[in-house]
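This report refers to the structure that appears directly beneath it.
Residue numbers (the numbering used here): 1 to 329.
Written out as structure tokens, the structure reads:
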């Protein structure tokens, strides 16, 4: 497993300059992309002044377009986007690399006289950008790969039982099907000899960050309906073919990209395409279910972030005002 080499923050021309940005987050399917699109369509000044920095840990992977709901070609042409299509699905990109890259980009965008809009739904990316990196040791490719292979071979239950023994506090806070966080908690224990729960997580906005924070809310049942429709649309848009193409290119279950929702479900049903109609129906149901569970965890996590201005998902004027207030004078 390879690792993407991001610039170290000390290599940035911005040095100690303040990092300025607008942060927009919300659960998967809440309508972040739609809200940005509507604001830019009605305000030409913002359309000329905005650059988007993706805070989505899945959109960094090349070739994984449909299942990660990447911006369309038209959207990419209309507004500059960053941290999309960075690496192959076999490579890793950790939260520290994200924060360093995001900091550098925000400084560069501000120097151009534009507004950096950091938007996405990857909670640990967003928290680290806002509050700083946790004290826990960074990810180890070797340990992470070994634990991920155990998930593939044994299922998640034995790893969850191990976590209950070594770190019951973390286990009580992590969903029983949350493979990423279970693996990460065990990884921290393996690397440090300490429970993940014993490490302090920053809760306040870090120094040197000047940011406006907006969070989107939507009725839970409507959010779930949107997720179901979204997954169906992905399947109809060719997600099975996208996954088959990635497998034929040599990527598979050991690769970081395939551990994400929307891709791993195909391998759980059958690692040998093409999939039957019955198998595809089961895959679609699993993706929708896992995405709904993930959205619920996102909502709970986002409520812990500091200084958030909560907006309804269709509040175009409210979000437009927030962006206008961030424009350089």
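Cβ coordinates follow ideal geometry from the N, Cα and C atoms, glycine included.
What you are looking at is a predicted structure, and each value in this text was computed from that prediction instead of being measured.
Contacting residues, own chain, Cβ-Cβ under 6 Å from residue i (five flanking each side not counted)
i           : result
residue 110 : 20
residue 265 : 283, 286, 287
residue 113 : 328
residue 235 : 284
7 Å CB neighbourhood of residue i in its chain, flanking five on each side removed
i           : result
residue 326 : 22, 115, 212
residue 32  : 24, 26, 119, 216
Local conformation of residue i per DSSP, three classes
i           : result
residue 61  : strand
residue 109 : helix
residue 49  : helix
residue 79  : coil
residue 305 : coil
residue 124 : helix
residue 20  : strand
residue 68  : coil
Short Cβ contact (7 Å threshold) for residue i with residue j
i           : j           : result
residue 156 : residue 179 : yes
residue 54  : residue 83  : yes
residue 308 : residue 215 : yes
residue 144 : residue 176 : no
residue 256 : residue 92  : yes
residue 159 : residue 182 : yes
residue 319 : residue 52  : no
residue 253 : residue 152 : yes
residue 230 : residue 29  : yes
Close-in-space but distant-in-sequence residues of the same chain around residue i (CB under 8 Å, 5 per side omitted)
i           : result
residue 136 : 188, 192, 196, 199
residue 321 : none
Delimiting residues of the alpha helix (DSSP H) encompassing residue i
i           : result
residue 152 : 141–154
residue 325 : 316–326
residue 34  : 32–42
Unbroken beta strand (DSSP E) run spanning residue i, endpoints
i           : result
residue 207 : Element bounds for residue 207: n/a, residue is neither H nor E.
Using 8 Å as the threshold, is the stretch 271–281 in touch with the stretch 63–79, meaning 3 or more CB pairs across them?
no
Any contact between the stretch 162–170 and the stretch 239–248? By contact I mean 3 or more CB pairs, one from each, below 8 Å.
Look at the beta carbons and you see the stretch 162–170 not touching the stretch 239–248: under three pairs across the two are nearer than 8 Å.
Are the stretch 298–314 and the stretch 121–129 in contact at 8 Å, needing three or more beta carbon pairs?
Counting Cβ pairs under 8 Å, three or more are found: they touch.
Say whether the stretch 220–228 touches the stretch 61–70, bearing in mind that this needs 3 or more beta-carbon pairs closer than 8 Å, one atom from each stretch.
No, the stretch 220–228 does not touch the stretch 61–70.
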